[in-house]
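*Asks:* Below you will find the structure I want to go over with you.
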Amino acid sequence: MEKRVRELKVDYGPAENIYWVEVLKGLWITNRHFMVNMWRHILHALRIKAEKGAVTFQYPEEHRPIHHRWRGRHRLTVKQNGAMRCTACMMCETICPDECIHIVPGESPDPNVEKFPEEFYVDALRCCFCGLCAEACPLDAIRLDVIEPEICGFTRDIIFNKEFLMGLNNDRPWEEWYIENKTDSKEK
Amino acid sequence: MPKIKINGNEHEFPEGMNVLEACKNVGIYVPHFCYHPLLRTVGSCRMCKVEVSQNMRGSMQSRIDISCKVEVADGMEIRTDTPEVKKQQQMTLEFLLSNHPLDCPVCDDAGECELQNFYFEFGQHDSRMIEPKIKNRKAFDIGRSIVLDNERCVLCSRCSRFLEEVTHTHELGIFGMGSAESIMLKPGARLDNDYAGNVVDLCPVGALTDKDYRFKRRVWYLKSTPSICEHCARGCNVRVDWDLNPYHWHKKTFQMRKHRTEATDLQRIQRIKPRRNDAVNKEWICDTGRYGYKSTDSADRLTQPVINESGELKPVEAGAVIKAFVTGLNSAIKSNPGKVAVVVSPKLTNEEIYAAWSLFRKRLELPNLDHKLPVDPEWTGDDLLKSADPFPNRLGCEWIGFVPDGNGLGVEDLNLAISNGKIDTLLTILADPREFLEEKSLSKLKRKFFILRNLPEDLKEHVDAALPAAAWGEYRGTFTNFEGRIQRLEAAFDPEGEAQPVWHWMIELATGMKKSLKWRKTEDIMHSLSDHVINYKNLSYDSIGPEGVVVGDKA
Amino acid sequence: MDTFFLIESVVKIFTMIAAVMGLATILTWVERKQSAVMQDRIGANRADIFGIRIIGLFQPFADAIKMITKEDYIPPFGNKVLHMIAPAIAYIPVMLLFAVIPMGPPLEIGGRIVNTQIANIDIGLLFIFAFGGIAVYGAVIGGWASNNKYALIAAIRTSAQMISYEVCLGLSLIGAIMIYGTVDLSQMIAEQSGHWFGWIPRWGIFIQPLGALLFIPAAIAENKRIPFDLPEAESEIIGYYTEYSGLKGGLFMMTEFIEMVLISALFSVIFLGGWNVPWLEYNGFNFPWGGTWTLNIWVVKGMQFGAYFLKVAVLIYFFTLVRWTLPRFRYDQVMRLGWRYLFPLALINLLITGIAVVLFA
Amino acid sequence: MAKEYENRELILPTKNMALAMGPSHPAMHGIVRVNAKLDGEIVVEGSVDIGYLHRGFEKSVENHTWNQGIIYTDRLNYVSAMMNNVGYCLAVEKLLDIELPPRGTFLRVIMSELSRVADHLTCVAAQVMETGAMTAFLYAMKAREYVWEIVEMACGARVTTNWTRVGGLMADVPGDFVDAVRERIPLVRDVIDELDKLVTKNRIFGDRYRDVGVMTKDEAIAWGFTGPCIRASGIPFDVRRDTPYLNYDAFDFEIPVGTNGDVFDRYLVRMFEMEQSILIVEQALAKLPDGPVSVDNKMVTLPEKADVYGSIEGLINQFKLIMDGHGIQVPPGEIYQAVEAANGELGFYIISTGGDTPYKCRCRPPSFALTAALEKMITGQMIADVIPIFGSVNMIGGELDR
Amino acid sequence: MTNEELQIKFKERFPDFAESCIIDKGHIVAEIPLEHMELTLTTLKDDSEFDFKMYMDFTVVDWMERKPRFDLVYHLYSVEKNHRIRIKVGITESQSAPTMSGLWPVADWHEREMFDLYGVKFSGHPNLKRILLYDSFKGHPLRKDYPVTKRQPRIESTFPTRDSQYQEKDLKIHRGD
């Protein structure tokens, strides 16, 4: 299609030049927002209407609705018998641009499975949550579908290990795991 | 010499060459599984199909044929790019893949697997297989170092041909018919010969895998450096496959956390693979060379200069050890240069030997220099590759002249000389003194200096001062093999800790003794070496090609 | 000086301080909450006592605790003494001004007329001008003593801006003074009671519309709030109190809120009739259409107190609305506005008022 | 302005004051420093320091595979990351000589234009906020949130999108995507209208923005301006029309130009462009075809997950595309691909020497030229003008410093 | 103007390096020897036939083994005529290129950037110093022989008050050893 050009020009007339007209118009907009929101807040507080007067979310109590495609934290999926799906093929480690995944492969104790990861680390602070690992996985073993926005609670030293990444399936809070792990390493 | 046309272009090839090789020579790669240039041609995989047009009974007739079995003939026309050829290759590949298990995630061969490469390059078909795949034996232990997986096998028979034609040991064979056909051990046999590891290299897919490398690292992580095996005088051409990544992870990121501390994780060399050199080792290496890399990162590796302080070895800075070396040697030489013995191992490269020779013979004029370490009685050579001499550079030592002076003492005289008190100072380079000295003469020595790669626990009591030497894979240089062939080895990675190549320590030592050796890198030493030693005349790193050069009176 | 007067004065002083400080504290909450609601947010509501939050009303207390416990940083190369006293210089004159601001209608207690001003002096407005002029020193000295380039620029801007706008502020009120014929604030309110034609309240805004219109920008400029917050201008120069922390920084902020109460009160006193409610007289409502609604005298007084408070509250709401809606001027634009527009307009206003006073008086 | 003070030396001997604004300064976002020499309120001399956010974009991309490079482009202009994704992938696709199926192209257009809306909203909002009007800023942020919700729906993340792949997209958009966009467009429009009413005619804004940071036509060209800034100077240069890419030829939209080249014109251009972008999105939504979003080429696109889990062919394909040294094999060659990003021409100059990693990947950041001209624009202005000028060039640190 | 017309014009105007002017994937590419660079670029800018008034992009390519080692790559654009050209100039490590900051003011920063990242020197540049990296940075990171994993200490503190021991410690922490 042809290139259409439009010249923009805004000239101020006397109404604009005396400040007060446009200032009051602007004030009217913000005032209207205040009044409407206040009304909604009151209705919400009185439990008359469910919607509230603000577009923000009060984070810890109230979570933003997240689309199901959300790329959150990693987890390792398990088979029906509870064993991990991962076979340490290193696809995720290979494609990871941040080198945040480290896998130590080994011979599986299960005779039906040849190879499995003896250790599976995800350095969550290196991770950029690009989702390439889930895309690369040939076995649907790693996913980024844990909807849990916070990753660092009170520390910046977070490396998830295999048990934790699998343990997410039974909803164990990560702090618990972290405290266990931390005391572990202290003793050693 | 027959002239043939390949994809329209005319070329000339020697008589008897097959079409596959001919295509390879002009840069057209024909996919193949079973064909191997060093083995008998069987034509079992049917992958290398090309269109062959030949004058038969007066008219050009074209057919699709396997290129490995067709010899070039005058007037032949080959096409590798017709749709029919493509289709045939694709269909062959589809057949081969129809029963192939979904094993790429666990297969060690993924990344250098010909099935993968050919699928990507020649196949690219969609799967049509809906029947269940045939199950077969998996992860079957067939020998000291080999694991067999029959499901992945494409029955190319390279392995059994190798065992028949090269080693003549006949451990593997093909049994069964139809879909039950599979590679198996012959009854009562186990794949335990000295060259068993080669079947892994030969296997184009992941059916035969190496226990030593099993699940260790993925192939595509490895970086390769060409090198020369140091385990016998043959000087087989090898490739060092190494990866520093897990090493760094464990050293840096995970040292604070619980992690496996097994030595395998900290190994930098992951595996050794042969390089093709028809003049030396064709494409085979023995298992001694293949699995002999582990001392580079073994637990007893000496990574820091150590000095004996009141009966205890303490890691110190290199300067302190050099100083100890210098004062010890100087005082011994001042009293009598004949009281000092220097023994080097013929594992040193030509450059290192020359550096040591320049210091001890040319500058210090010591009479008692020798390299003739006794050969381990357990070592036996064979007529395929393994030489009777387990040292890679004995000829180089002789040529450079690291031998006793006219009336100097050799290694075999040392025991007697020490007990007589004729010798009280010993410097050995890369050699364990207990190989040639008795325990009592070792303890009788006044000064004992060592330059070592590995310091075993039970040698520590005898050490006065020791410098760490770079291990195999950490330095570059040249070896002279038993037939006078000079070959280059390259450094794969930096030396561990404070270790340095021997020539570097020689230069430091010379500086400490005020005898200047002015070299900066191995090229400089090679330069002086070619100037001063007759056999190495006009030699430089560039003139040593990938196959090496034979020099001296052997040429 | 009798005992009653002493008691009365002490009670008034403490009431005033409590009222002003309380109002200023609540204003920090109001400012946050009002801006939040304007901006479709919820606003600060995290501070709680035993889990009770009451829409963030504890936030000012949390702020106070934070300010008290914060490190009181004194820049090492500045003038320490001046740096220390600058917040006080800013804060004290503003507090002093409330001595002449009436809190409500005079009460009759025990037969005595009790004025709700702390000091019922005749020169109320002049007092305000005089002490309001001192407030500029706080900002200037604070900015200068910090030995910070940003603070210095801010200090210079403060002095220029406040001195300029004090002129407009004064001139915009002189019209009202001429009409009321007094500078006593209670007297001015009293002048504004009653109606013209029985319908229109005799508020200052109706006879001094231009004066009121000029008073608002001048007052905001004196208050150093957007759109005249050049001395602060957070995103340009961080403000004259860049180097202040803890309680001293808090005093500067508090001053701002107190000043806002002050100008609201002043505006309602001079232009909105103070505590006057249309048609409300001492005995109740006397509507112009003839109806009356008799009320108890205390109810009337309560309504007048309420009206006064309401006027101040609405003005504060208005000023906050302005502060969060408008951008700030540039330095030269502020000066141009002050000297080229507001100042001549104020003079014209004065001229017209003078003529009118001469003609109709 | 400066004329009024020309003879100051005669009256009072004065010294200029050096003032370092940034990097820790509220308006400098922590990523740039303006070293100003002040004569009173006037900037006599200004210089700009950058590099506080330098991450080695080029070196990183050179050391990663083609698809891994996309995540680094996310971080260039992190407000409209999808446009960077699109630009990079277009360049690589040109080297590979492949063309996207129509649905993929349309989706790229839709998301690019929505990103442009988000970026312009951010720029206008920040510009307004830095002159003191907080409420307008938050209204714009609210609208940007609507856009980012759509972005999240398409790719699962809001800022670091990593949405495109060489030869297609990460995945097709979910089924409710079109409805969601249609639902949010009026909301965004409302906010833009509101912003317009609050700002455009208000004289306080006008005074702050007019005749500030003026770049004439010739200056704008000489300083390499592109995007809204060059259009504000009166030159209708738009990569979407002048060197068309994707299928922008199929859409009808207007190119706004300003008259003075000052901050106010840049604001007007951005406001008008948001309207046009929404128009393009509406046109694209109406025409959005069905079909695949990625090219059907086993050498480039990852196979379907069902194939990977169920057949050896798919598994091999997956492995070959991911393993180091195998991957997507881009033929040797070089390409310069420009796209009209929110700030101007975003060019990717990519050199391939064959193999699975780029040999060189130069990014031509639009902000770079604009920030280079900042020195010129602020000289002679007042210190308070530095802020709107700086806001109007919309310097994004990730893009500037790479 | 179409690419082909521009190519013909370029060849007419600069017959010395006419054969180097090719069309590659829709772009006109021309290679120019270093000594002719200044004159050529000036002509390209000032000649109304070419009218390359806009200095779109400038970068350097490091071809490690090749001689000369670097390529200066200019992308020029004409706003009036809407055409683009890519100019390549080979340069060795020791040579220095003439600065273009006199012709296009924006070249100032572009050249500083390339000096910073590649170490290519520009003669006559008014302010040739590092722009993205800090002054004490050693080496030029975009050269192919600069290892990607190489680490350098951050800016060395110039404050005399700071204890040198702390510096040592900080550096160690940063390096990760």
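Chains as they are written, first to last, in our numbering: chain W, 296 to 483; chain B, 18 to 572; chain L, 6 to 366; chain F, 6 to 407; chain G, 216 to 392. Here a beta-carbon is modelled for each residue, glycine too, at the ideal position from N, C-alpha and C.
#1: I need the DSSP call for H30/F, collapsed to helix, strand or coil.
#2: Helix, strand or coil: which one does DSSP assign to M269/G?
#3: Express the C-alpha separation of R108/F and V69/B in angstroms, rounding to a whole number.
#4: Distance, Cα to Cα, E513/B vs R470/B?
#5: Should the region 229–238 of chain F be regarded as contacting the region 261–271 of chain F, the criterion being three or more beta carbon pairs within less than 8 Å?
#6: What does P356/G reach in chain F if we use C-beta pairs closer than 8 Å?
#7: If I'm right that M271/G touches L291/G with Cβ under 8 Å, what's the distance once you round it to whole angstroms?
#8: If we ignore side chains and look at the alpha-carbon of each, how far apart do D266/G and I306/G end up?
#9: Measuring only between beta-carbons, confirm whether C428/W sits less than 8 Å from chain F.
#10: For D410/F, go through chain W and note every residue whose CB falls closer than 7 Å to its CB, in chain order.
#11: When you compare only the Cα positions, how much space is there between H549/B and N254/B?
#12: How is the alpha helix (DSSP H) around C414/B delimited, first residue to last?
#13: Can you name the residues of chain W whose CB is closer than 9 Å to the CB of W329/L?
#14: By Cβ distance, which residues of its chain are closer than 6 Å to G203/L, with the 5 residues on each side in sequence left out?
#15: Using a cut-off of 9 Å between C-beta atoms, extract the partners of V318/W located in chain L.
#16: According to DSSP, simplified to helix, strand and coil, what is R251/B?
#17: If you follow the alpha helix (DSSP H) that L189/B is part of, which residue opens it and which one closes it?
#18: I need the DSSP call for N399/F, collapsed to helix, strand or coil.
#19: So, helix, strand or coil for E286/L, using DSSP?
#20: Report the neighbours of P122/B on chain W: residues whose CB is nearer than 7 Å to its CB, in chain order.
#21: Give the interface partners of K410/W over in chain B, defined as CB-CB distance under 8 Å, in chain order.
#22: Tell me L287/G's beta-bridge partners as DSSP assigns them.
#23: On the three-state DSSP scale, how would you describe C425/W?
#24: Cutting at 8 Å between CB atoms, please list the residues of its own chain near S115/B, excluding the five before and the five after it.
#25: Using a beta-carbon distance below 8 Å, is N376/W in contact with chain F?
#26: Check the Cβ of I47/L against every Cβ in chain W and list those closer than 7 Å, keeping chain order.
#27: Taking buried to mean at least 16 other C-beta atoms within 10 Å of its own C-beta, is H185/B buried or exposed?
#28: Measuring CB to CB, does I417/B end up less than 8 Å from Y492/B?
#29: Ignore the nearest five residues each way along the sequence and tell me which others in A250/B's own chain have a CB closer than 7 Å to its CB.
#30: Is there a Cβ from chain G that is less than 8 Å from the Cβ of A41/F?
#31: Indicate whether at least one CB of chain W lies closer than 8 Å to the CB of R293/B.
#32: Less than 8 Å between CB atoms is the rule here; does F395/F satisfy it with respect to chain G?
#33: Leaving aside the five residues before and after M93/B along the sequence, list all residues of the same chain whose C-beta is less than 6 Å from its C-beta, in chain order.
#34: Keeping to the same chain, check which residues put their C-beta closer than 7 Å to that of A487/B; ignore five residues upstream and five downstream.
#35: According to DSSP, is I333/F helix, strand or coil?
#36: Is it buried or exposed, E329/B, if we count other Cβ atoms within 10 angstroms and call 16 or more buried?
*Replies:* If we stick to the structure as given:
#1: The residue labelled residue 30/F in the question sits at position 25 within the fourth sequence. Three-state result, H30/F: coil.
#2: Taking the first residue of the fifth sequence as position 1, residue 269/G is located at position 54. Strand at M269/G.
#3: Numbered from 1 along the second sequence, position 52 holds the residue referred to as residue 69/B. Numbered from 1 along the fourth sequence, position 103 holds the residue referred to as residue 108/F. Each residue's Cα considered, the two are about 45 Å apart.
#4: Taking the second sequence and counting its residues from 1, the one referred to as residue 513/B is at position 496. Taking the second sequence and counting its residues from 1, the one referred to as residue 470/B is at position 453. Computed Cα separation, rounded: 10 Å.
#5: Contact holds: three or more Cβ-Cβ distances are below 8 Å.
#6: If you number the fifth sequence from 1, residue 356/G lands on position 141. Residues of chain F passing the Cβ test: G61 and K64.
#7: The residue given as residue 271/G occupies position 56 in the fifth sequence. The residue given as residue 291/G occupies position 76 in the fifth sequence. About 6 Å separates the two Cβ atoms, so the contact holds.
#8: Along the fifth sequence, one-based indexing puts residue 266/G at 51. Along the fifth sequence, one-based indexing puts residue 306/G at 91. Whole-angstrom Cα-Cα distance: 26 Å.
#9: Position 133 of the first sequence holds residue 428/W. So no, C428/W is outside the interface.
#10: Residue 410/F lies beyond the stretch modelled for chain F, which goes from 6 to 407, so this question has no answer here.
#11: Working through the second sequence from its first residue, we reach residue 549/B at position 532. Working through the second sequence from its first residue, we reach residue 254/B at position 237. So the two alpha carbons sit approximately 27 Å from each other.
#12: Taking the second sequence and counting its residues from 1, one reaches residue 414/B at position 397. Residue range R411 to I417 is occupied by the alpha helix (DSSP H) that includes C414/B.
#13: Taking the first residue of the third sequence as position 1, residue 329/L is located at position 324. Correct list: T325.
#14: Looking up residue 203/L in the third sequence gives position 198. Around G203/L, the same chain offers P293 as residues with beta carbons nearer than 6 Å, after the five sequence neighbours per side are excluded.
#15: For the purposes of this step, residue 318/W is taken as the residue at position 23 of the first sequence. Correct list: P232, V327, T330 and L331.
#16: In the second sequence, counting from the first residue as 1, residue 251/B sits at position 234. Coil.
#17: Working through the second sequence from its first residue, we reach residue 189/B at position 172. Run containing L189/B: none in the alpha helix (DSSP H); it sits in the beta strand (DSSP E), L189 to F192.
#18: The count along the fourth sequence starts at 1 and reaches residue 399/F at position 394. Note: N399/F maps to coil in three-state DSSP.
#19: The residue given as residue 286/L occupies position 281 in the third sequence. When secondary structure is reduced to three states using DSSP, E286/L falls in the strand class.
#20: As a first step, residue 122/B must be located in the second sequence, where it is residue number 105. Taking a Cβ-Cβ cut-off of 7 Å, the neighbours of P122/B in chain W comprise T382, C384, P433 and L434, given in sequence order.
#21: Here residue 410/W refers to the residue found at position 115 of the first sequence. Under the 8 Å cutoff, chain B gives P122, V123 and F232.
#22: By one-based count along the fifth sequence, residue 287/G stands at place 72. In DSSP, L287/G forms a bridge with V275/G and V304/G.
#23: On the first sequence, residue 425/W is found 130 positions in, with the first residue counted as 1. C425/W: coil per DSSP, three-state reduction.
#24: Locating residue 115/B in the second sequence gives position 98, where the first residue counts as 1. For S115/B, where only same-chain residues beyond five positions count, the Cβ hits under 8 Å are M146 and K150.
#25: Looking up residue 376/W in the first sequence gives position 81. For N376/W, the answer is no, since every Cβ of chain F falls outside 8 Å of its Cβ.
#26: The count along the third sequence starts at 1 and reaches residue 47/L at position 42. Listed along the chain, the chain W residues whose CB falls inside 7 Å of the CB of I47/L are A349, T351 and Q353.
#27: Translated into positions along the second sequence, residue 185/B becomes position 168. Taking a 10 Å sphere around the C-beta of H185/B, we find fewer than 16 other C-beta atoms and assign the residue as exposed.
#28: On the second sequence, position 400 is the one that residue 417/B refers to. On the second sequence, position 475 is the one that residue 492/B refers to. For I417/B and Y492/B, no; Cβs fall outside 8 Å.
#29: The residue you call residue 250/B lines up with position 233 of the second sequence. S404, D406, F408, P409, R411, N498 and F499.
#30: In the fourth sequence, the residue the question calls residue 41/F occupies position 36. At a cut-off of 8 Å between beta-carbon atoms, A41/F makes no contact with chain G.
#31: Numbered from 1 along the second sequence, position 276 holds the residue referred to as residue 293/B. Chain W contact via Cβ: absent.
#32: As a first step, residue 395/F must be located in the fourth sequence, where it is residue number 390. Output row for F395/F: interface = no.
#33: Counted from its first residue, the second sequence places residue 93/B at position 76. Taking C-beta separations shorter than 6 Å and ignoring five residues to either side along the sequence, the partners of M93/B in its chain run I21 and Q71, following chain order.
#34: For this step, residue 487/B is matched to residue 470 along the second sequence. Its chain contains P512, A516, Q517 and P518 as the residues whose beta carbon lies nearer than 7 Å to that of A487/B, once the 5 sequence neighbours on both sides are disregarded; these appear in chain order.
#35: Walking along the fourth sequence from the start, residue 333/F turns up at place 328. It is coil, neither helix nor strand.
#36: As a first step, residue 329/B is located in the second sequence; it is residue number 312 there, counting from the start. Answer is exposed; the Cβ neighbour count stays below 16.
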